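First the structure, in the form of structure tokens, and then the observations on it.
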Amino acid sequence: MYKGIAASRGIGIGKAFVVKEKTDTTVYREKKIPDTEVDNEITRFTKAVEATDIYYDQVAEKSKDVLSESEQQVFQAYKLVLKDPIFKDMVTGSIRDELLCAEGAVIKSVELTKSMFLALNDEYMRQRADDIDNVGKQILISLTGSQSTDLSMLTEDSIIIAEDLTPADTVSMNRKFVKGFAVEKGGETSHTAIIARTMEIPALVGCGDKIRDISHGDTLIIDGQEGILIAKPTPDELKNYLEKQKQYLEELEKIKALKNEPGRTLDGKNVHLVGNIAKPEEAKEVLEKGGDGIGLFRTEFLYLNRKELPSEEDQFKAYKEVAEVMKDRPCIIRTLDIGGDKQSALINMPKEDNPFMGYRAIRICLKEKEMFKTQLRAILRASAYGNLKIMFPMISCLEELRAAKEILNEAKAELDEKNIPYNRDIQVGIMIEIPSAAMAADILAQEADFFSIGTNDLCQYTLAVDRMNENISSLYNPLNIGVLRLIKRVIDCAHEFGIMVGMCGEMASNPEYTSLLLGLGLDEFSMVPASIPHVKQAVRNTTYDDAVNLAEEILSVNESDKIKTILRGKLNAH
Amino acid sequence: MLTKTFVLQCPVGLHARPASILISEAEKFKSDISIKYNSKEVSLKSIIGVMTLGIKTNESFELIVQGEDEEQAMARLEIFFNEEIKDL
Numbered sequence: 000m001y002k003g004i005a006a007s008r009g010i011g012i013g014k015a016f017v018v019k020e021k022t023d024t025t026v027y028r029e030k031k032i033p034d035t036e037v038d039n040e041i042t043r044f045t046k047a048v049e050a051t052d053i054y055y056d057q058v059a060e061k062s063k064d065v066l067s068e069s070e071q072q073v074f075q076a077y078k079l080v081l082k083d084p085i086f087k088d089m090v091t092g093s094i095r096d097e098l099l100c101a102e103g104a105v106i107k108s109v110e111l112t113k114s115m116f117l118a119l120n121d122e123y124m125r126q127r128a129d130d131i132d133n134v135g136k137q138i139l140i141s142l143t144g145s146q147s148t149d150l151s152m153l154t155e156d157s158i159i160i161a162e163d164l165t166p167a168d169t170v171s172m173n174r175k176f177v178k179g180f181a182v183e184k185g186g187e188t189s190h191t192a193i194i195a196r197t198m199e200i201p202a203l204v205g206c207g208d209k210i211r212d213i214s215h216g217d218t219l220i221i222d223g224q225e226g227i228l229i230a231k232p233t234p235d236e237l238k239n240y241l242e243k244q245k246q247y248l249e250e251l252e253k254i255k256a257l258k259n260e261p262g263r264t265l266d267g268k269n270v271h272l273v274g275n276i277a278k279p280e281e282a283k284e285v286l287e288k289g290g291d292g293i294g295l296f297r298t299e300f301l302y303l304n305r306k307e308l309p310s311e312e313d314q315f316k317a318y319k320e321v322a323e324v325m326k327d328r329p330c331i332i333r334t335l336d337i338g339g340d341k342q343s344a345l346i347n348m349p350k351e352d353n354p355f356m357g358y359r360a361i362r363i364c365l366k367e368k369e370m371f372k373t374q375l376r377a378i379l380r381a382s383a384y385g386n387l388k389i390m391f392p393m394i395s396c397l398e399e400l401r402a403a404k405e406i407l408n409e410a411k412a413e414l415d416e417k418n419i420p421y422n423r424d425i426q427v428g429i430m431i432e433i434p435s436a437a438m439a440a441d442i443l444a445q446e447a448d449f450f451s452i453g454t455n456d457l458c459q460y461t462l463a464v465d466r467m468n469e470n471i472s473s474l475y476n477p478l479n480i481g482v483l484r485l486i487k488r489v490i491d492c493a494h495e496f497g498i499m500v501g502m503c504g505e506m507a508s509n510p511e512y513t514s515l516l517l518g519l520g521l522d523e524f525s526m527v528p529a530s531i532p533h534v535k536q537a538v539r540n541t542t543y544d545d546a547v548n549l550a551e552e553i554l555s556v557n558e559s560d561k562i563k564t565i566l567r568g569k570l571n572a573h
Numbered sequence: 000m001l002t003k004t005f006v007l008q009c010p011v012g013l014h015a016r017p018a019s020i021l022i023s024e025a026e027k028f029k030s031d032i033s034i035k036y037n038s039k040e041v042s043l044k045s046i047i048g049v050m051t052l053g054i055k056t057n058e059s060f061e062l063i064v065q066g067e068d069e070e071q072a073m074a075r076l077e078i079f080f081n082e083e084i085k086d087l
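Residue numbers (numbering that gives the first Met the number 0), protein chains in the order written: chain A, 0 to 573; chain B, 0 to 87.
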């Protein structure tokens with residue numbers, strides 16, 4: 000059995016299709032040529048570059064139906080690298096001066112170029128080393144005349160085993176027969192992982208080189224839920240997994256069919272299932288997935304990648320568009336949450352050692368008052384066209400909420416002066432994502448109309464864990480008993496003062512946590528639209544009473560590790 | 000020969016997309032165009048050279064243009080670095 004990072008759900012069964020570099024390049028590495036052959040080798044290299052160039056054009060053409068525009072741009076970048084004068088000089092230099100054969104010169108130059116990228120102190124640039132590798136491999140394929148493993152030739156249900164898949168591989172493969180991927184490299188957001196999720200087939204990434212033991216044609220089972228790969232399964236394992244696969248597919252059909260059903264527990268408690276969006280056009284997706292509204296409309300897109308601050312008119316149009324799509328369904332618009340990992344060239348944000356604890360979100364807005372007021376006026380004006388609510392991010396104390404509301408009142412007065420209509424009773428809520436706000440929830444609940452718990456930041460601040468830091472990412476656990484107690488406190492305080500409490504962090508989108516959160520009393524779950532049907536299914540599978548009992552049981556556990564086991568146990572019992 | 004100092008204003012740094020567009024713009028001129036940063040100078044013909052300079056957002060660098068159409072080239076790239084790059 001092999002383990003990897005579970006990157007895409009589902010269970011796949013098929014024959015191993017091992018993508019190998021057919022050329023064993025080590026024989027070329029040091030291969031020398033007589034100096035009479037120098038010109039000939041350079042010509043071979045030039046021709047291989049031309050052939051590769053044509054190959055990329057063909058793949059780019061084929062990719063139009065399958066890849067997004069930004070993914071297609073990969074091929075343009077490959078072509079620039081291919082024809083890069085520095086790279087060309089390195090290769091021809093190695094042929095001429097070191098008398099390496101063309102293949103050896105390409106291998107050496109690729110390694111040199113990769114090391115230039117790897118030397119940069121920038122994760123993005125380091126990942127570009129893989130691009131250089133891809134281009135180098137393609138040139139070698141042309142040079143040696145070997146075919147790259149052709150994934151369009153699949154003829155039976157297959158699970159692809161590879162070091163990694165390039166966009167060219169995923170474009171050319173015959174999708175009818177691809178039942179899963181398992182690759183050595185990559186993380187949850189690598190190309191292979193994204194393609195697998197788009198194709199709705201299971202995938203494991205980051206499996207390491209252990210999977211090289213797998214032979215072409217071995218029967219494989221891939222479980223994209225548990226992150227495991229079984230080679231040459233026993234008849235029992237196979238039978239077991241065929242059953243699991245059948246269940247999974249039936250489940251998936253059922254889940255998709257839930258679109259028009261309400262998010263209601265078996266004993267009739269209604270739960271709001273709503274979407275997180277980052278652009279107006281995503282509102283339609285929420286409706287398509289059967290969402291009841293929008294729990295988080297991020298407004299940063301208006302402020303990023305542009306030359307000047309967005310005008311009131313531009314913002315008004317964007318908010319109005321969403322209001323009109325959602326009609327009377329509620330839509331919570333979060334005011335600007337910039338800073339932290341999201342920088343904008345438009346706002347003066349000095350470099351900080353610790354941006355997550357720095358000048359960000361409401362802290363910037365309270366200082367850049369006119370900018371903030373422009374956004375508030377735009378939201379107010381759009382509130383005449385639908386059911387909009389306003390939410391302030393990163394509130395840490397009552398004074399900040401009051402200061403923000405004060406500016407909102409000024410914005411209202413300005414609209415009144417001009418007789419511009421807006422919803423006078425627009426609700427104003429806050430994100431609860433700072434532990435101090437969670438502890439002071441009873442105070443804040445008396446002056447806010449609703450809460451939305453942002454679990455990503457609340458976890459990171461409560462646990463003092465940066466989950467991007469690989470050394471400690473295992474400590475990032477939303478089921479930590481301290482985090483759960485804070486969540487419970489926030490929900491209880493909200494209900495004590497009769498206000499609605501939702502959650503818009505990733506925790507809300509994971510069906511494993513649904514009954515626990517329901518049992519804690521959460522009123523609204525806000526998540527990426529694609530997760531809505533899965534969470535709806537989880538809501539519809541439980542009774543509210545059971546959920547409350549589960550929450551009580553879990554809150555009495557002392558060790559955070561055990562909580563996961565209990566949750567898993569409940570889930571499998573259904 | 001013309002030289003001019005700029006500050007990198009694209010939000011993500013000189014990544015693949017801005018670098019690709021810069022190189023295709025530079026290609027349209029006959030002049031030799033290069034970028035100097037941290038006392039290292041590279042030709043704008045090479046995406047590998049430009050990207051591995053590792054210029055970060057808000058850092059300054061020098062643009063050097065030499066050739067018969069140097070004025071037009073500098074004028075064009077000024078617009079690129081002062082305006083267009085902010086949207087990339």
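Don't be surprised by glycine CBs; every beta carbon is placed ideally from N, CA and C.
Given the structure is predicted, the values throughout are model-derived calculations rather than measurements.
Whose C-beta lies closer than 8 Å to the C-beta of P234(A) among residues of the same chain, with five residues either side of it excluded?
Excluding the 5 residues flanking it on each side, P234(A) has no same chain C-beta neighbour closer than 8 Å.
In chain A, which residues lie with their C-beta within 9 Å of the C-beta of E82(B)?
Those within 9 Å of E82(B) in chain A are K306.
Compute the Euclidean distance between the alpha carbons of I429(A) and V500(A), then round it to the nearest angstrom.
A straight-line Cα-Cα distance of about 10 Å links I429(A) and V500(A).
Which residues in chain B sit within 7 Å of R376(A), going by Cβ to Cβ distance?
Close partners of R376(A) in chain B (Cβ separation under 7 Å) are lacking, with about 25 Å as the shortest Cβ gap.
Just to confirm, is the Cβ distance from K563(A) to L519(A) under 8 Å?
No, Cβ-Cβ distance for K563(A) and L519(A) is not below 8 Å.
Is there a Cβ from chain A that is less than 8 Å from the Cβ of M0(B)?
No, because no Cβ of chain A sits closer than 8 Å to the Cβ of M0(B).
Starting from the beta carbon of P354(A), find every residue of chain B whose beta carbon is closer than 9 Å, and list them in chain order.
Close partners of P354(A) in chain B (Cβ separation under 9 Å) are lacking, with about 14 Å as the shortest Cβ gap.
Can you name the residues of chain A whose CB is closer than 7 Å to the CB of D68(B)?
Identification of chain A residues near D68(B) by a Cβ-Cβ cut-off of 7 Å yields none; the smallest Cβ-Cβ distance measures about 20 Å.
For the candidate residues R127(A), E122(A), N120(A), whose alpha-carbon lies nearest to that of E110(A)?
Minimum Cα distance to E110(A) is reached at R127(A).
What are the partner residues of K2(A), as DSSP defines its beta bridges?
Bridge pairing for K2(A): I227(A) [DSSP].
Reduced DSSP secondary structure (H/G/I, E/B, other) of Y475(A):
Coil.
Starting from the N-terminal side, write out each stretch of the beta strand (DSSP E) that is 3 residues or longer and does not extend beyond the segment 90-158 of chain A.
Taken in chain order, the segment 90-158 of chain A contains no complete beta strand (DSSP E) segment of 3 residues or longer.
Which class does G205(A) belong to by DSSP, given the choice of helix, strand or coil?
G205(A) falls in the coil class under three-state DSSP.
Bridge partners - Q65(B), DSSP secondary structure assignment:
D31(B), per the DSSP bridge assignment.
Which bits of chain A does I78(B) rub up against, with CB to CB less than 8 Å?
Under the 8 Å cutoff, chain A gives no residues; its nearest Cβ is about 12 Å from I78(B).
Just the chain B side, please: which residues come within less than 9 Å of Q72(A) by C-beta, in chain order?
Result: A15, R16, S19.
Which chain C residues are close to K85(B), counting only those with a beta carbon under 8 Å from its beta carbon?
As a matter of chain content, chain C is missing from the structure shown, whose protein chains are A and B.
Does the separation of the CB atoms of G357(A) and M325(A) fall below 8 Å?
The criterion of a C-beta distance shorter than 8 Å is not satisfied by G357(A) and M325(A).
Assuming the contact rule is C-beta atoms closer than 8 Å, P201(A) and G497(A) should be a hit. Round their C-beta distance to whole Å, please.
Rounded, the Cβ-Cβ distance is 45 Å, inconsistent with contact.
Measure from the C-beta of K29(B) to each C-beta in chain A and report whether the shortest distance is under 8 Å.
By this cut-off, K29(B) is not an interface position.
Is G11(A) helix, strand or coil by DSSP?
Strand.
Ranges of the beta strand (DSSP E) found wholly within the segment 463-533 of chain A, counting only runs of at least 3:
Runs of the beta strand (DSSP E) lying entirely within the segment 463-533 of chain A and spanning at least 3 residues, in chain order: 499-502, 523-526.
Would the beta-carbon of P532(A) fall within 8 Å of that of K245(A)?
No, they are not a contact pair.
In chain B, which residues lie less than 8 Å from V105(A) when you measure between Cβ atoms?
What V105(A) touches in chain B: nothing, since even the nearest Cβ is about 14 Å away.
Would you please verify whether the beta carbon of R125(A) is less than 8 Å from any beta carbon of chain B?
Between R125(A) and chain B, the shortest Cβ-Cβ separation is not below 8 Å.
Determine whether the beta carbon atoms of A317(A) and L335(A) lie at a separation below 8 Å.
No; because the gap between Cβ atoms is not below 8 Å, this pair is not in contact.
For Q445(A) and A493(A), the rounded distance between their alpha carbons:
Between the C-alpha atoms of A493(A) and Q445(A) there is a straight-line separation of about 9 Å.
Closest Cβ-Cβ distance between V58(A) and chain B: below 8 Å?
Not a single C-beta of chain B is nearer than 8 Å to the C-beta of V58(A).
Using only CA atoms, which one of F391(A), A104(A), A15(A) lies nearest to R211(A)?
Ranked by Cα distance from R211(A), the first of F391(A), A104(A), A15(A) is A15(A).
Would the segment 17-25 of chain B count as touching the segment 521-541 of chain A if we require 3 or more Cβ pairs under 8 Å?
Counting Cβ pairs under 8 Å, fewer than three are found: no touch.
For V321(A), which three-state DSSP category applies?
Here V321(A) sits in helix by DSSP.
Please confirm if Q8(B) has its CB atom under 8 Å from at least one CB of chain A.
Q8(B) belongs to the set of residues whose beta carbon lies under 8 Å from a beta carbon in chain A.
Same chain, Cβ closer than 6 Å to V482(A), neighbours up to 5 away in sequence not counted
Closer than 6 Å at the Cβ level, and outside the excluded window around V482(A), lie C458, T461.
Would you call the CB atoms of T191(A) and F180(A) closer than 8 Å?
Between T191(A) and F180(A), the C-beta spacing is below 8 Å.
Stretch pair the segment 93-103 of chain A + the segment 31-49 of chain A: three plus CB contacts closer than 8 Å:
Between the segment 93-103 of chain A and the segment 31-49 of chain A there are three or more C-beta pairs closer than 8 Å, enough to call the two in contact.
Could you spell out the range, first to last residue, of the alpha helix (DSSP H) harbouring D544(A)?
Where D544(A) is concerned, the enclosing alpha helix (DSSP H) stretches over 543-554.
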